[in-house]
Amino acid sequence: MKNSELAHIFSQIAKILKIKGENPFKIRAYENIVSVLNGLPTDIETVYRKGELNHIPGVGKAIAKKIEEYLTTNKLEYYERLNESVPFGVVGLLDILEIGPKTAGLLYEKLGVDSIEKLEKAVNEHRIKDLPGMGEKSEENILRGIKAYKKRHERILLGNALPVASNVIEHLDGMKEVQKISIAGSLRRRAETIGDIDILVASNHPDVIMKEFTSLPQVDEILSEGLTKSSVIIKDNIQIDLRIVDFSSFGAALQYFTGSQNHNIRIRGLAQKHGLKINEYGVYDTESEEKIAGEQEVEIYKILNLPYIPPELREDRGEIESGLKNTLPSILELSDLKGDLHLHTNWSDGKNSILEMAIEAREIGYQYIAITDHSQSLGIAAGLTVEKLYEQVKEIKQLNSEIKDITILHGIEVDIKSDGSLDFPDEILSELDIVIAAIHSGLKQEREQLTQRIISAMQNRYVHIIAHTTGRIIGYREPYQIDINRVIKIAAETGTALEINSCPERLDLNDVYCRTAKEKGVQMAIGTDAHNTNGLKSINYGVSVARRGWLEKEDIINTLSLNELLQRLKNKKKFSKL
DNA sequence: GCCGTTTTCGGCCCGACTGTTTTCAGTCG
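Per my numbering, the very first residue in the first sequence carries number 11; after that it's consecutive.
Here is the structure:
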């Protein structure tokens with residue numbers, strides 16, 4: 011999809027315009043379109059071909075023309091011209107904390123700095139402190155910014171950030187001075203990766219709490235320490251910001267610090283039309299300056315005639331329009347899930363036995379689980395041969411007769427081989443309760459070939475689910491080159507479910523594709539791909555993706571009761587959306 | 001550059017903090 015290519019170009023344009031000191035609202039228009047494109051559930055080329063570019067909010071004449079130019083010629087003259095006036099390297103300076111567009115422009119203009127290397131040299135030669143508006147401190151800060159940039163981690167995975175944040179919250183929540191506490195920021199919105207962790211507290215004794223926070227044993231470095239805000243770095247270079255507000259402002263502050271920024275811009279714009287002003291302390295009548303709300307987050311939305319918008323939806327991807335029309339989806343809850351459909355055991359590359367996995371699942375409260383070990387071609391994962399698979403049938407039958415309150419479904423994660431055939435013949439697949447198909451080899455094939463492999467797997471009547479469809483590993487491996495729109499279309503036609511893989515490093519399909527899939531009539535299956543009992547607990551990350559993708563209970567096949575699910579699996583074609 | 005229940009022109013979210021300054025610009029979220 012060209013969506014992300016265009017988003018990148020518009021984002022670069024916005025940065026260059028900032029450096030050039032252009033009209034801030036023009037810049038915002040470009041920043042806005044970046045976020046719109048990143049969240050667009052359809053292919054921009056499809057929208058263009060239908061002549062519907064101007065239906066996209068934030069796309070006016072000028073941007074529509076630029077999108078058209080890029081889609082038809084694969085380049086954008088305006089962008090190329092801008093690049094001649096401000097080199098790439100100068101734009102790259104913005105990646106350093108402490109350096110914004112004005113400073114980047116100044117450094118380039120006065121000192122010819124157009125790369126981070128040249129910047130470092132200028133700092134070391136103390137050539138920066140004499141520039142207008144700069145001083146000793148600025149130079150020190152830039153140096154610190156460069157150091158942080160060099161050792162900067164990639165963004166933190168949701169699955170790594172959440173436990174760290176929960177741990178700190180648990181610690182602080184035990185203090186009697188803490189009246190209320192919550193995660194905020196992108197972590198509360200359950201974004202797939204997090205820049206830093208934001209925590210919000212309501213208290214009358216900020217001094218006591220700040221002291222406790224900055225002296226936590228896991229703290230490596232204190233970046234700043236004040237009465238309302240402190241920032242620390244803990245192990246693995248993770249930054250945590252703690253903010254403390256008065257109890258009466260907690261709701262407004264939570265709404266504000268949860269973001270996203272684009273969501274908040276829209277919310278405050280809406281407030282203006284109602285003659286109101288919203289800041290992190292509350293909602294105020296613009297004329298009388300009287301405070302009319304702030305303690306509860308839900309009040310903010312209510313005052314604007316909006317239903318409560320769950321944090322996962324706050325990306326300015328249509329949630330405000332939908333809320334005003336009262337058509338927001340009632341998104342999936344963790345408690346809606348009746349089972350986990352993707353589990354490995356020590357029969358292949360898992361660590362625990364089938365029984366141990368079943369007991370853990372029963373503890374969680376599931377009605378059923380699917381045991382889906384690897385198939386024979388996947389030697390590296392000790393894939394099951396046909397003989398082993400038949401032995402496994404016996405064990406599962408035996409266990410089902412012994413264990414109470416949970417049903418073990420017998421399945422397989424069958425390999426889609428590089429020629430597109432499946433690793434087991436239909437006669438074998440037809441005997442299993444559930445079949446997941448997935449690509450594990452030939453990852454670098456041509457787009458057409460890879461797409462065709464997945465499509466032919468979906469056309470097999472015994473394949474119920476495609477696992478980790480795009481194959482991405484966040485921060486390590488890009489998605490396979492596949493035509494995801496075609497895959498989604500055929501999934502709808504064949505009644506094949508697409509997986510939301512809950513592994514924090516996969517989260518595949520992602521939120522945006524989930525939304526496309528839902529709109530095309532595809533149902534999804536949430537699975538943890540757990541390789542040990544602990545892995546079963548990752549299911550909440552898959553649920554977060556589903557929620558961010560606007561999915562509801564009926565969009566997920568493992569919200570079905572056991573009997574309903576078995577019906578659904580027996581004849582998948584019946585569930586196709588032709 | 002986008003947008004419209006007074007508007008096709010004139011608006012466009014809001015505040016904290018920092019450092020370099022004598023009243024404010026730049027950056028961040």
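Heads up, the beta-carbon is just placed ideally off N, CA and C, and yes, glycines get one too. Predicted model, so just to flag it, every value in this text is computed and none were measured.
For Val473, the secondary structure class from DSSP, reduced to helix, strand or coil, is coil.
Shown here, Lys287 sits in a strand according to DSSP, grouped into three states.
In this structure Pro142 does not touch Lys28 by the C-beta definition: roughly 19 angstroms separates them, more than the 8 angstroms allowed. For Arg253, the secondary structure class from DSSP, reduced to helix, strand or coil, is strand. C-alpha of Asn542 to C-alpha of His352: approximately 12 angstroms in a straight line.
By the neighbour-count criterion, in which a residue is buried when 16 or more other Cβ atoms sit within 10 angstroms of its Cβ, Glu299 is exposed.
Ranked by Cα distance from His478, the first of Glu423, Gln402, Gly205 is Glu423. In this model, Val174 and Ile446 are separated by some 33 angstroms (Cα to Cα). Judged by DSSP in its simplified three-state form, His215 adopts coil rather than helix or strand.
In the structure shown, the three-state DSSP call for Lys157 is helix.
Remark: fewer than three beta-carbon pairs, one from each stretch, lie closer than 8 angstroms, so the segment 456-467 and the segment 392-409 are not flagged as touching. Within the same chain, Cβ atoms closer than 8 angstroms to the Cβ of His284 are found at Ile313, Leu314, the five residues on either side in sequence being excluded. In the same chain as Ile37, and ignoring 5 residues on each side of it, the C-beta atoms closer than 7 angstroms to its own belong to Ala24, Leu27, Lys28, in chain order.
Taking every protein chain shown into account, the CB of Phe98 has fewer than 16 other CB atoms within 10 angstroms, so this residue is exposed. Residue ranges of uninterrupted alpha helix (DSSP H) with 4 or more members, entirely inside the segment 465-543 and ordered along the chain, are 494-504, 521-529. Per DSSP, Ile418 is one residue of the beta strand (DSSP E) stretching across 417-425. As computed with DSSP, Tyr294 is found in a beta bridge with Lys287, Lys301.
For the options Arg578, Ala535, Leu579, the alpha carbon positioned closest to that of Ile566 is the one of Ala535. Under DSSP, Thr203 takes part in a beta bridge, and its partners are Leu167. Unbroken beta strand (DSSP E) stretches of 3 residues or longer found wholly inside the segment 425-456: 444-448, given in chain order. Boundaries of the alpha helix (DSSP H) around Tyr89: 87-95. Contact between the segment 554-573 and the segment 505-517 is present, with at least three C-beta pairs closer than 8 angstroms. In terms of Cα proximity to Gln189, the closest of Leu197, Gly169, Ile219 is Ile219.
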